[in-house]
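Engineer: Numbering (the working numbering), first residue to last: 26 to 177.
What follows is a structure written as structure tokens; I'll ask about it next.
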């Protein structure tokens, strides 16, 4: 995808359930395009410090439902059982997301790959380069328009 003309950036992600002390924990490992984190609205945590710690793999973000479920706050830790054993990481941000009532732990893909033996992808985000036309060259647009049948 990154090599396609008109593509400016790509985000990839892997949604998985991992083991933790509280049972199975939904985790999303994200390798973000530069603008990807702009879509996340923090409810708690200093945005600049939270982004820096998250990008460096020094912290995770959790959804507001996850924080409520585990009575967690910024500065608390998330403990997960990984392929490398039990690991704990601090929470740098709590963000708004209501896709699941169980909540989600958001981890940078680089940290995920340090702790688990997986390079799978389940999500792909494509960002167009400045000035790129999303419709140009699209196979559906390249076909001739469909003709209406004539009735006699």
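Here a beta-carbon is modelled for each residue, glycine too, at the ideal position from N, C-alpha and C.
Just the Cα atoms here: how many angstroms apart are residue 94 and residue 132?
Structural biologist: 18 angstroms
Engineer: Counting beta carbon pairs with one atom in the region 91-107 and one in the region 57-65, are three or more of them shorter than 8 angstroms?
Structural biologist: no
Engineer: Going by Cα to Cα distance, which pick from 110, 153, 121 and 146 is closest to residue 139?
Structural biologist: 110
Engineer: Consult DSSP for residue 56 and reduce its assignment to one of helix, strand or coil.
Structural biologist: For residue 56, the three-state secondary structure derived from DSSP is strand.
Engineer: Should residue 71 go down as buried or exposed, given a rule of 16 or more other Cβ atoms within 10 Å for buried?
Structural biologist: By the neighbour-count criterion, in which 16 or more other beta carbons inside 10 Å mark a residue as buried, residue 71 falls on the exposed side.
Engineer: Would you grab the beta carbon distance between residue 90 and residue 125 for me? Rounded to a whole angstrom, and I think it's under 8 angstroms.
Structural biologist: Yes, they are in contact, since the Cβ atoms of residue 90 and residue 125 sit about 7 angstroms apart, within 8 angstroms.
Engineer: Do you know how far the Cα of residue 115 is from the Cα of residue 35?
Structural biologist: 27 angstroms
Engineer: What is the rounded straight-line gap between the Cα of residue 151 and the Cα of residue 96?
Structural biologist: Distance between the alpha carbons of residue 151 and residue 96 is about 35 angstroms.
Engineer: Quick check: the Cα distance between residue 49 and residue 33, rounded to an integer number of angstroms?
Structural biologist: 36 angstroms
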